[in-house]
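Novice: First the structure, then my questions, so here it is.
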Amino acid sequence: MDTLTYFLPQVWFGILALFLFLYVMLDGFDLGVGILSLTASTEERRGMLMTSLGNVWDANETWLVLMGGALFGAFPLAYATILSALYIPILMMIFGLIFRAVSFEFREHSDNKRLWNLAFAGGSFLAALGQGFALGGVLAGIKVDAAGHFIGSTWDWLSLPSVVMALTVIQGYVLIGSTYLITKTEGELQTNHYRTANLAAWTTLLGAIALTITTPIFFEYARIRLFNPPQVYIFSVIPPLGVLLIGLLLRSLKQRKERAPFIWTILIFLLTFVALALVVFPYIIPTEITIYEASAALSSLVFMLVFIGVLIPIMLAYNVYQYVVFGGKVTGEQPEA
Amino acid sequence: MFEHFSDTVVLSRMQFALTSIFHMLWPILTTGMGIYLVIVEGLWLKTRNPDYYYHARFWAKIYLLNFGIGVATGLPMEFQFGTNWAPFSESVGDFFGSILGFEASMAFMLEAGFLGIMLFGWTRVPPVMHYIATIMVALGANLSTVWILVANSWMQTPNGGDFVDGKFIVQDYFQAILNPAALVSVSHMFLATLETSLFVIGGISAWYILSKRHSAFFATSLKIVLAATIAVAPLQIYVGHLSGEQVYENQPSKLAAIEARWETIPAGEPAPWSMMAWPNGKAETNEWEMNVPGGLGYILALKPTLPTPILGLKEWVPSDRPPLLGLIFYSFRIMAGIGVFLAALMALSVLQWLRGKLSDEAISQQRWLLRSWMFAAPLGYIAVETGWTVREVGRQPWIVYGQIRTAEAASNLPPGDVLASLSIFTGVYTLLLISALFFGSRILREGPNLSLPIPGVTVDPDGDSTPAEFVPDQRPVEAQQ
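Protein chains in written order, with my numbering: chain S, 1 to 337; chain E, 338 to 818.
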């Protein structure tokens, strides 16, 4: 039984990390494309950008819903404490996602496309901003009492590191959005996104450097964890690896490769995730609540694992199938629903 | 009145009520219409009559509009449990959170993962694969109903474990999932979404027929709808009766509120049904009432007397009684009245159908019947919203019936923050509603696009590829009549 109390929360932490990663990668490029739609010079091009997402954005966003549900079920205390502490960033994200979602449909039917273009880009930006602040807020720590309940103020999430974090998240989304669009477009539109990808690669690099330097300075817990064995060995590998990946990304952009930039970007995202997990694990609310303290009863974890665990490969399979069906470049011709 | 604006619990409740009342409007249609789309696409695959294919394409447009808003407004629902109801989430998360996880993984993801193929994949996948996608979308939407209603039913009749120091410890998951309210609630809501969607489709079809646009085309959808309502409308009344029995057995304070019954009716005595009443909570009596002798007995047990007593509101101290008695009382009667009206409309329409009055040529003369169908189109929504009002307000003052009080379940947020978010929700949702009605009516005015390419039919550039017997009537509408 003791191995289970140790092992099952870790399994669920891993599943949540997987859902979060899939969300950040998939809806990340959706939100990135949304922000990038501001750069499209004509309505036709903006329409093409939106068409490139039309059939996938909803499934991509569902990973967030799935992560929310899994966090609620597997770590109820963390779900309750984190969400009540992050009331304002969560609402920023929700209102952003609401506008992003309805713009697809409303723009299609509207005569006044400008209004819904703005809602689409603005919503995407607001959602990315809220997510960045939420992530920054969790990493900066949440004030809790002995029982793990939130006791801070609703503005605690706002700090210099969380601003840097929010800006970096937006950059990251723009980067993955650009590299996604490189795979989906051709001609002038594609050239444009080689440019935005290049720019975003540099700003993401700057953001990553800033976060790597400021995290140990601002957060004592991170400093203690990162600069002591065994984490220090892994931690010392991550920054050079990150620089190498960004270098490979910039090279592939220069060589006008179509798929490679997207793949390098995903690897950069993955590396960032590993780094974050290294800082956080085994805490779910850094230095206050571990995954073992926040986890649901073992029977719940097993019950959920039986139902949801089995479905993960199936969900992945039909999501991949969907991408296969809608593979290829988007054209000016939009399929009618 | 204004002191409520500084009360976090009241504000959080208002926000949850607003967001759920608004959210619900959209999935009601997509879950029911999903089944309708499975039917028409199946008819198309079976008969290859292009009309059915164009039905699938046309109604899918309305589906998409509703789906987009449903997704957008569903998101705040899931997060609100954590943001505004943190103590609730923490104490019941082991069970309630798992169920929301199931909803996301086996229902919502299924619908979202196949929706793109259903809407945009007509020419990209083989017809059979497309049909599978349509079935998966409908299945996913309806599984959402199952899990959401399981979670909510558990809040009505918690079962399968114990509350230890305010935290719910699950002993038996299947007992918790199959709690006393679960089966009947799932069925009642399933039929509600289906019935609402059928009458929306029927009402819109009636509008087209009345405006003499594509009359024959929409006579088809009206008849498909009518055939389905023959089963659905009476069944819903029966399941509604079962639902009432369930409340009588498990939530006596809710039943007392629905009936505005202050004094207990002992077992074996005739149980009257108060048809109309004006409950006064302060005076603990009804200012006036109209009773049907033995009516409640007949409603619950098909005989004038009942085997167990009907408890009156006075059995509970005022703080344990549901609030807003008038709202609960009249919401229930509106819901039930609509259920009866829709069944009656179905019966009348079937009668006219049997008399041959609904043929393509004669149907547009049935003006009063078609107008009734148009009038019925929004009624399902009203029935669902009032039904949920009874269900949720009737459960108060408990968030988990008899176990956790709503007032103890709210996050300790500054009231100003919740007031601000509530105001933004109100503004944004008003904008969404106006936009949806505007764009929805635009889709309806445009009508079906009968020139879309039919998958599997090679288009002859010189002529009409439609098989001869299905050539649409090109004459002016007047000549068609």
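Glycine included, C-beta positions come from ideal geometry on N, C-alpha and C.
Can you check whether the C-beta of residue 201 of chain S is within less than 8 Å of a C-beta belonging to chain E?
Specialist: As a first step, residue 201 of chain S is located in the first sequence; it is residue number 201 there, counting from the start. No, its Cβ sits nowhere closer than 8 Å to a Cβ of chain E.
Novice: Is there at least one Cβ from chain E nearer than 8 Å to residue 250 of chain S's Cβ?
Specialist: Looking up residue 250 of chain S in the first sequence gives position 250. So, not an interface residue.
Novice: From residue 793 of chain E to residue 737 of chain E, what does the alpha carbon distance come to, in whole angstroms?
Specialist: By 1-based counting over the second sequence, the position of residue 793 of chain E is 456. By 1-based counting over the second sequence, the position of residue 737 of chain E is 400. So the two alpha carbons sit approximately 54 Å from each other.
Novice: What are the residues that DSSP puts in a beta bridge with residue 626 of chain E?
Specialist: For this step, residue 626 of chain E is matched to residue 289 along the second sequence. Residue 626 of chain E is bridged to E:614.
Novice: Report the residue ranges of all beta strand (DSSP E) runs contained in full by the stretch 712–767 of chain E; include only those spanning at least 3 residues, in chain order.
Specialist: With a minimum length of 3 residues, the continuous beta strand (DSSP E) runs that stay inside the stretch 712–767 of chain E are 735–737.
Novice: Go to residue 184 of chain S, then tell me how far its alpha helix (DSSP H) extends in each direction, as first and last residue.
Specialist: Counting from 1 along the first sequence, the entry for residue 184 of chain S is found at position 184. Counting along the chain, the alpha helix (DSSP H) containing residue 184 of chain S begins and ends at 160–184.
Novice: Just checking my contact of residue 423 of chain E with residue 290 of chain S at CB under 8 Å: how many whole Å lie between their CB atoms?
Specialist: Against the second sequence, residue 423 of chain E aligns to sequence position 86. Against the first sequence, residue 290 of chain S aligns to sequence position 290. Contact flag wrong, Cβ pair sits at about 19 Å.
Novice: Rounded to a whole number of angstroms, what is the C-alpha to C-alpha distance between residue 649 of chain E and residue 725 of chain E?
Specialist: Position 312 of the second sequence holds residue 649 of chain E. Position 388 of the second sequence holds residue 725 of chain E. Near 22 Å, if we compare the C-alpha coordinates of residue 725 of chain E and residue 649 of chain E.
Novice: Going straight from the alpha carbon of residue 234 of chain S to that of residue 112 of chain S, what length do you get?
Specialist: Translated into the one-based positions of the first sequence, residue 234 of chain S becomes position 234. Translated into the one-based positions of the first sequence, residue 112 of chain S becomes position 112. Their backbone Cα atoms lie some 53 Å apart in a straight line.
Novice: Check this for me: beta carbons of residue 563 of chain E and residue 687 of chain E, under 8 Å apart or not?
Specialist: Numbered from 1 along the second sequence, position 226 holds the residue referred to as residue 563 of chain E. Numbered from 1 along the second sequence, position 350 holds the residue referred to as residue 687 of chain E. Cβ distance < 8 Å, so residue 563 of chain E and residue 687 of chain E count as in contact.
Novice: Where in the stretch 272–330 of chain S do unbroken runs of the alpha helix (DSSP H), each at least 4 residues long, occur, reported from the N-terminal end onward?
Specialist: Runs of the alpha helix (DSSP H) inside the stretch 272–330 of chain S: 291–294, 298–304, 310–325.
Novice: Can you find at least 3 beta carbon pairs, one from the stretch 514–523 of chain E and one from the stretch 483–490 of chain E, that sit closer than 8 Å?
Specialist: Flag = yes, the stretch 514–523 of chain E and the stretch 483–490 of chain E touch.
Novice: Which partner residues does residue 642 of chain E have in the DSSP bridge list?
Specialist: Residue numbering aside, residue 642 of chain E sits at position 305 when the second sequence is read from its first letter. Paired residues: E:607.
Novice: Where does residue 605 of chain E land, buried or exposed, given buried means 16+ other C-beta within 10 angstroms?
Specialist: Position 268 of the second sequence holds residue 605 of chain E. Exposed is the call here.
Novice: Can the beta-carbon of residue 442 of chain E be found closer than 8 Å to that of residue 15 of chain S?
Specialist: Locating residue 442 of chain E in the second sequence gives position 105, where the first residue counts as 1. Locating residue 15 of chain S in the first sequence gives position 15, where the first residue counts as 1. Going by C-beta atoms, residue 442 of chain E is not nearer than 8 Å to residue 15 of chain S.
Novice: What are the uninterrupted segments assigned as alpha helix (DSSP H) that are 4 or more residues long and contained completely in the stretch 487–559 of chain E, given in chain order?
Specialist: Listed in chain order, the complete alpha helix (DSSP H) runs (minimum 4 residues) inside the stretch 487–559 of chain E are 510–514, 519–547.
Novice: Threshold first: 4 residues or longer. Then list the alpha helix (DSSP H) segments lying entirely within the stretch 195–245 of chain S, N to C.
Specialist: List check, alpha helix (DSSP H) in window: 220–226.
Novice: Between residue 648 of chain E and chain S, is any beta-carbon pair separated by less than 8 Å?
Specialist: Your numbering for residue 648 of chain E matches position 311 in the second sequence. Judged by the 8 Å Cβ criterion, residue 648 of chain E is not in contact with chain S.
Novice: For residue 413 of chain E, which residues from the same chain have a beta carbon less than 7 Å from its beta carbon, with the 5 sequence-adjacent residues on both sides left out?
Specialist: Translated into the one-based positions of the second sequence, residue 413 of chain E becomes position 76. Correct list, in chain order: 356.
Novice: Thinking C-alpha only, which one of S:109, S:89, S:263, S:88 is nearest residue 177 of chain S?
Specialist: Residue mapping note: residue 177 of chain S aligns to position 177 of the first sequence, counting from 1. Ranking S:109, S:89, S:263, S:88 by Cα distance to residue 177 of chain S puts S:263 first.
Novice: By Cβ distance below 7 Å, which residues in the same chain neighbour residue 618 of chain E in space, the five residues on each side in sequence not counted?
Specialist: Here residue 618 of chain E corresponds to residue number 281 of the second sequence, with the count starting at 1. Here the set comprises 662.
Novice: Along chain S, in chain order, which residues have C-beta atoms closer than 7 Å to that of residue 416 of chain E?
Specialist: As a working mapping, residue 416 of chain E is identified with position 79 in the second sequence. Here the neighbours are 68, 83, 90, 94.
Novice: Select from the stretch 113–130 of chain S all residues with a C-beta closer than 7 Å to any C-beta belonging to chain E, and list them in chain order.
Specialist: From the stretch 113–130 of chain S, no residue has a Cβ closer than 7 Å to chain E.
Novice: Check whether the stretch 494–510 of chain E touches the stretch 437–454 of chain E, counting contact only when three or more Cβ pairs, one atom from each stretch, lie closer than 8 Å.
Specialist: The stretch 494–510 of chain E, when compared against the stretch 437–454 of chain E, does not touch it at the 8 Å Cβ threshold.
Novice: Which residues share a DSSP beta bridge with residue 150 of chain S?
Specialist: On the first sequence, position 150 is the one that residue 150 of chain S refers to. Beta-bridge pairing links residue 150 of chain S to S:144.
Novice: From the DSSP output, in three-state form, read off residue 791 of chain E for me.
Specialist: As a first step, residue 791 of chain E must be located in the second sequence, where it is residue number 454. Three-state DSSP puts residue 791 of chain E in coil, outside helix and strand.
Novice: Which one or two residues does DSSP pair with residue 472 of chain E in a beta bridge?
Specialist: Within the second sequence, residue 472 of chain E is the residue found at index 135, counting from 1. According to DSSP, which records beta bridges pairwise, residue 472 of chain E is partnered with nothing at all.
Novice: Could you please tell me which residues of the stretch 290–318 of chain S, in chain order, have their CB closer than 7 Å to any CB of chain E?
Specialist: Listed by position, the residues of the stretch 290–318 of chain S near chain E (Cβ gap below 7 Å) are 296, 297, 299, 300, 303, 304, 307, 308, 311, 315, 318.
Novice: Please work out which residues of its chain come closer than 7 Å, Cβ to Cβ, to residue 174 of chain S, disregarding the five sequence neighbours upstream and downstream, and give them in chain order.
Specialist: As a position in the first sequence, residue 174 of chain S is number 174, starting the count at 1. For residue 174 of chain S, where only same-chain residues beyond five positions count, the Cβ hits under 7 Å are 32, 35, 36, 196, 200.
Novice: Excluding five sequence neighbours on each side, which residues of the same chain lie with their C-beta closer than 7 Å to the C-beta of residue 179 of chain S?
Specialist: Stepping through the first sequence from its first residue, residue 179 of chain S is reached at position 179. So the list reads 197, 261, 262, 265, once near-sequence residues are dropped.
Novice: Give me the chain S residues within the contact set of residue 420 of chain E, using Cβ-Cβ distance strictly less than 7 Å, ordered along the chain.
Specialist: By 1-based counting over the second sequence, the position of residue 420 of chain E is 83. Result: 83, 84, 87, 90.
Novice: So, at 7 Å on beta carbons, what are the nonlocal neighbours of residue 258 of chain S in its own chain, with the 5 sequence-adjacent residues on each side left out?
Specialist: As a working mapping, residue 258 of chain S is identified with position 258 in the first sequence. Same-chain partners within the cutoff: 182, 183.
Novice: Tell me the rounded alpha-carbon separation between residue 53 of chain S and residue 394 of chain E.
Specialist: Looking up residue 53 of chain S in the first sequence gives position 53. Looking up residue 394 of chain E in the second sequence gives position 57. Cα-Cα distance, rounded: 20 Å.
Novice: Does the Cβ-Cβ distance between residue 171 of chain S and residue 204 of chain S come in under 8 Å?
Specialist: In the first sequence, residue 171 of chain S corresponds to position 171, counting from 1. In the first sequence, residue 204 of chain S corresponds to position 204, counting from 1. Result yes, Cβ atoms of residue 171 of chain S and residue 204 of chain S sit closer than 8 Å.
Novice: Taking all protein chains shown into account, do 16 or more other C-beta atoms lie within 10 angstroms of the C-beta of residue 387 of chain E, making it buried, or fewer, making it exposed?
Specialist: Here residue 387 of chain E refers to the residue found at position 50 of the second sequence. Flag for residue 387 of chain E reads buried.
Novice: Is it buried or exposed, residue 643 of chain E, if we count other Cβ atoms within 10 angstroms and call 16 or more buried?
Specialist: Within the second sequence, the letter at position 306 stands for residue 643 of chain E. Burial call: buried.
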